[in-house]
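To start, the structure under review is shown below, and the notes come after it.
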Amino acid sequence: MKEGNKGLEIDSKSKELIKKWQQQADSLKKKHPKWNAAKIQKEMKKRIIQDAEAAFSTKSGKAYIEEVNAHLKEVEDARNRAIDGIMAYMGKTSPEAIATVLFELDCGCIRACAVSKKGKPMGEMIMVSGKQVEKDYECSICRDDGGADSKRCVRKAIIWPGEESELPSDEFRLDIGKKVFGDDYSLDDI
Ligand SMILES: [Zn+2]
């Protein structure tokens, strides 16, 4: 019930704003009969941005931003913990691997595989949840498709073990990246 009220409140506020902007656009058109649609749109964009900035500087706007930031940080922390766990696991099970390939899925899970010096997959493909989860948690989306649907992959990356100073050269990383992901892999992906 509480959630429903909250949703309704935001919705009516948005409606009010849209109505206000429509009225402003109408009055601009009356005041400046020579302005075309693009010119009115440009002026309205300025006003809409001003309204948004004013809304975000209010107490509830700030609380909203803080909530969003806290959520994003939580997601990032969970991802970093998952990657740390994957790298520790790979270090134990495939100590001779030079790197680990990650396939991050839209559900928050990560598939990972160790890579050999020749850029070939080695060992098993493992699956880790990137979400903060309960014990015994199982991702229902991955349970159904095995996490193998390439359309659900939102990010691919190669993680190199060790400190930044231990990183292999750009050329070597580029070469391995091309072997793993194909010729589209570029220096920007490193
Ligand atoms: Zn999943």
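Residue 189, in numbering that gives the first Met the number 0, is where the sequence shown stops; the numbers in between run on with no holes. The C-beta atom is built at its ideal place from N, Cα and C for all residues, glycine as well. Everything numeric in this text was worked out from a predicted model, so none of it was measured.
| message | Given the structure, does Ile140 come close to ligand 1, in the sense that its CB is under 8 angstroms from one of the ligand's heavy atoms? | response | Relative to ligand 1, the nearest heavy atom lies less than 8 angstroms away from the CB of Ile140.
| request: Determine the direct distance from the alpha carbon of Ser149 to that of Gly122, and round the result to whole angstroms. | output: For Gly122 and Ser149, the distance between alpha carbons rounds to 20 angstroms.
| request: Rank Lys119, Asp143, Ile125 by C-alpha distance to the C-alpha of Ala87 and give the top, closest one. | output: The residue with the shortest Cα to Cα distance from Ala87 is Ile125.
| said: When you measure from the CB of Ser149 to every non-hydrogen atom of ligand 1, does any distance come out below 8 angstroms? | reply: It does not: the Cβ of Ser149 is nowhere closer than 8 angstroms to a heavy atom of ligand 1.
| query | So the alpha helix (DSSP H) Lys116 belongs to, where does it begin and stop? | reply | Run containing Lys116: none; DSSP gives neither H nor E here.
| Taking the runs of the alpha helix (DSSP H) that are 4 residues or longer, which of them lie wholly in the segment 10-89? | Qualifying alpha helix (DSSP H) stretches, in chain order: 36-55.
| request: Could I get the ranges of all uninterrupted beta strand (DSSP E) runs contained in the segment 142-177, with 3 residues as the minimum, in chain order? | output: Unbroken beta strand (DSSP E) runs of no fewer than 3 residues, entirely contained in the segment 142-177, are found at 152-158, following chain order.
| Skipping 5 residues on each side, what residues in its chain have a beta carbon closer than 6 angstroms to that of Glu103? | Ile109, Val153, Arg154.
| message | Does Ile140 come out as helix, strand or coil in the three-state DSSP assignment? | response | In this structure, DSSP gives Ile140 a helical state, which the three-state scheme calls helix.
| message | Cutting at 6 angstroms between CB atoms, please list the residues of its own chain near Ala113, excluding the five before and the five after it. | response | Same-chain partners within the cutoff: Met89, Ser93, Ala96, Thr99, Met121, Gly122.
| In terms of residues, what are the limits of the beta strand (DSSP E) holding Ala98? | 98-104 is the extent of the beta strand (DSSP E) around Ala98.
| Taking 8 angstroms as the line, does the beta carbon of Cys106 fall inside it for any heavy atom of ligand 1? | Yes, since a heavy atom of ligand 1 falls inside the 8 angstroms radius drawn around the Cβ of Cys106.
| Proximity below 9 angstroms, CB of Ile175 to CB of Gly118 | Closer than 9 angstroms, so yes.
| Does the beta-carbon distance from Ala81 to Val127 come in below 9 angstroms? | Going by beta carbons, Ala81 and Val127 fall inside the 9 angstroms limit.
| query | Would you call Leu101 buried or exposed, if buried means 16 or more other Cβ atoms sit within 10 Å of its Cβ? | reply | By the 10 Å Cβ count, Leu101 comes out buried.
| said: Which residues does DSSP list as the beta-bridge partners of Met124? | reply: Met124 is not bridged to any residue.
| task | Would you check whether ligand 1 has a heavy atom nearer than 8 angstroms to the C-beta of Ile146? | result | Here residue 146 turns out to be Gly, not Ile, going by the sequence shown. For ligand 1, at least one heavy atom lies less than 8 angstroms from the Cβ of Gly146.
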